[in-house]
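Take the sequence shown: its position 225, counted from the start at 1, is 225 in the UniProt record's numbering, and no numbers get skipped.
Don't be surprised by glycine CBs; every beta carbon is placed ideally from N, CA and C.
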Amino acid sequence: MTTSKPLSALKTQIKTELGTELDFAATALGWLRDNLVHLAGALAVLVIGVILARLLSKAADRALNRSGRIEPTVAKFLSNIIKYALWVVVAITVLTQFGVQTTSIIAALGGLALAVGLALQGTLSNVAAGVMILIQRPFRVGETISAGPVLGTVSTIGLFTTEMVQPDGLYVMVPNNELWNKAIVNFSRMPTRRFELLIGISYSDDISVARRELLALAEGDPRVLDEPAPDVFVSALADSAVTVGLRVWCATSDYLALSWDLTEKAKQRFDDAGLTIPFPQREVRTIAAAA
1 MTTSKPLSAL KTQIKTELGT ELDFAATALG WLRDNLVHLA GALAVLVIGV ILARLLSKAA
61 DRALNRSGRI EPTVAKFLSN IIKYALWVVV AITVLTQFGV QTTSIIAALG GLALAVGLAL
121 QGTLSNVAAG VMILIQRPFR VGETISAGPV LGTVSTIGLF TTEMVQPDGL YVMVPNNELW
181 NKAIVNFSRM PTRRFELLIG ISYSDDISVA RRELLALAEG DPRVLDEPAP DVFVSALADS
241 AVTVGLRVWC ATSDYLALSW DLTEKAKQRF DDAGLTIPFP QREVRTIAAA A
């Protein structure tokens with residue numbers, strides 16, 4: 001009698017568990033039978049959506065790269081955005097197949113995106129500025145630019161920052177937002193550039209001699225372009241000198257060396273021609289007091 005009670009209790013427990021499992025299996029099979037069409041539709045939407053997302057993102061990447069106006073970094077970034085956006089649409093469509101109310105999900109995703117955007121406002125502004133820089137191309141790698149207090153040669157353009165090397169050899173990493181919100185001066189973009197040299201001569205010197213020497217200086221340097229032609233002019237009548245100017249055009253790559261050479265040779269030619277380059281002078285008169 002002591003052993004029959006445990007056996008009967010065990011049999012009852014087994015029947016109960018078996019019945020529960022059978023009920024669960026029957027419920028699952030019934031749900032599967034009732035929702036088989038929805039499952040097939042959801043699976044088809046998922047497979048087709050993933051394939052389309054990959055195909056469209058690759059097609060967008062190829063199209064953006066072929067355009068020639070968009071950097072590969074931006075093209076990859078934009079194609080990934082297209083892919084992930086399509087994945088979100090596919091996921092929402094799959095949930096719709098099962099009768100899930102996606103309005104609340106979309107609202108939650110929108111709120112999450114807003115929260116993330118506010119938290120990463122500075123970072124996202126740098127990303128947006130980086131995308132605009134890579135699309136608009138106000139400068140490229142290897143070009144020398146200035147934007148606000150920053151001056152240097154661009155070495156790397158990223159989505160978040162731009163890396164530059166200053167003329168003194170110092171490395172600078174600038175947030176893209178700092179560059180995009182400033183007026184950018186590109187010293188390397190245009191093929192030619194104008195150089196202007198201003199020199200003061202004495203009021204007693206002959207302006208025509210200074211004009212002749214400056215024109216001869218420009219014509220004697222092969223780096224000076226014939227078009228536009230060199231121009232000599234009187235810039236100002238200053239307190240201590242008559243300011244004479246020379247304007248010449250040259251290739252952008254020759255600008256710095258040409259400016260140094262013309263400045264040095266102008267001084268030498270003026271000395272040889274007897275022209276005086278005065279420095280500011282002040283005349284002091286002493287008036288004796290009446291006895």
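Starting from the Cα of Lys267, find the closest Cα among Met190, Ile277 and Thr192 and give me that residue. Counting from one through the sequence shown, the residue named residue 267 turns up at place 267. Per the Cα distances, Ile277.
Once you ignore the five residues that flank Lys58 on each side, which residues in its own chain have a CB closer than 8 Å to its CB? Taking the first residue of the sequence shown as 1, we reach residue 58 at position 58. Answer for Lys58: Ser79, listed in chain order.
Could you tell me the alpha carbon to alpha carbon distance between Ser204 and Glu213, rounded to whole angstroms? The count along the sequence shown starts at 1 and reaches residue 204 at position 204. The count along the sequence shown starts at 1 and reaches residue 213 at position 213. Near 17 Å, if we compare the C-alpha coordinates of Glu213 and Ser204.
So who's on the other strand from residue 328, going by DSSP bridges? Residue 328 cannot be examined here, being either before or after the span of the chain that is shown, 1 to 291.
Considering just the uninterrupted stretch of the beta strand (DSSP E) at Val244, what are its terminal residues? For this step, residue 244 is matched to residue 244 along the sequence shown. Looking at the DSSP string, the run of the beta strand (DSSP E) that includes Val244 is Val242 to Ala251.
Starting from the C-beta of Thr3, find all residues in its chain whose C-beta is less than 6 Å away, skip the five residues before and the five after it, and write them out in chain order. Here residue 3 is taken as the residue at index 3 of the sequence shown, counted from 1. Low confidence applies here, because Thr3 scores a pLDDT of 48, under 50, leaving its location unreliable; read the following figure in that light. Answer for Thr3: no residue qualifies.
Whose CA, out of Asn186, Phe187 and Ile145, lies closest to the CA of Val172? The sequence position of residue 172 within the sequence shown is 172, counting from 1. Nearest of Asn186, Phe187 and Ile145 to Val172, Cα basis: Ile145.
Just confirm the distance between the C-beta atoms of Asn126 and Pro167, as a whole number of angstroms; I'd bet it's less than 8 Å. The residue labelled residue 126 in the question sits at position 126 within the sequence shown. The residue labelled residue 167 in the question sits at position 167 within the sequence shown. Contact flag wrong, Cβ pair sits at about 25 Å.
Residue of Ile81, Asp61 and Glu219 minimising C-alpha distance to Arg247: The residue labelled residue 247 in the question sits at position 247 within the sequence shown. For Arg247, the closest C-alpha among the options Ile81, Asp61 and Glu219 is that of Glu219.
Measure the CB-CB distance between Ala210 and Leu275 and report whether it falls below 7 Å. In the sequence shown, residue 210 corresponds to position 210, counting from 1. In the sequence shown, residue 275 corresponds to position 275, counting from 1. It is a contact, given that the beta carbons lie within the stated cut-off.
Would you identify the three-state DSSP class for Ser146, choosing helix, strand or coil? The residue labelled residue 146 in the question sits at position 146 within the sequence shown. Looking at Ser146 - three-state DSSP - the assignment turns out to be strand.
Buried versus exposed, by CB contacts within 10 Å (16 or more), Arg193: To locate residue 193, count along the sequence shown from 1; it is residue 193. The residue is buried, with at least 16 neighbouring Cβ atoms inside 10 Å.
On the criterion of 16 or more Cβ atoms from any shown chain inside 10 Å, does Met164 qualify as buried, or is it exposed? For the purposes of this step, residue 164 is taken as residue 164 along the sequence shown, with counting starting at 1. Met164 comes out buried.
Beta carbon of residue 310 nearer than 7 Å to that of Ser188: There is no way to answer for residue 310, as the model of the chain reaches only from 1 to 291.
7 Å CB neighbourhood of Met1 in its chain, flanking five on each side removed: Counting from one through the sequence shown, the residue named residue 1 turns up at place 1. Bear in mind that a pLDDT of 44 at Met1, under 50, signals an unreliable position, so the model cannot answer this.
For a test of the three-state rule: what should DSSP assign to Leu225, helix, strand or coil? Counting from one through the sequence shown, the residue named residue 225 turns up at place 225. It is coil, neither helix nor strand.
Which same chain residues, not among the five before or five after Ser235, have their C-beta less than 8 Å away from its C-beta? Within the sequence shown, residue 235 is the residue found at index 235, counting from 1. Excluding positions up to five away in sequence, the list reads Leu198, Thr243, Val244 and Gly245.
Whole-angstrom distance between Val94 and Leu43, CA atom to CA atom: By one-based count along the sequence shown, residue 43 stands at place 43. By one-based count along the sequence shown, residue 94 stands at place 94. Distance between the alpha carbons of Leu43 and Val94 is about 8 Å.
Taking only the alpha-carbon atoms, compute the straight-line gap between Ala241 and Thr162 and give it to the nearest angstrom. Position 241 of the sequence shown, counted from the first residue, corresponds to residue 241. Position 162 of the sequence shown, counted from the first residue, corresponds to residue 162. Computed Cα separation, rounded: 45 Å.
When the Cα atoms are used, what is the spatial distance from Asn181 to Pro191? Mapped onto the sequence shown, residue 181 falls at position 181. Mapped onto the sequence shown, residue 191 falls at position 191. Distance between the alpha carbons of Asn181 and Pro191 is about 26 Å.
Burial state of Leu55, where buried means 16 or more other Cβ atoms lie within 10 Å: One-based indexing of the sequence shown puts residue 55 at position 55. Exposed, by the Cβ-count rule.
Exposure label - Phe139; buried when at least 16 CB within 10 Å: Counted from its first residue, the sequence shown places residue 139 at position 139. Buried, by the Cβ-count rule.
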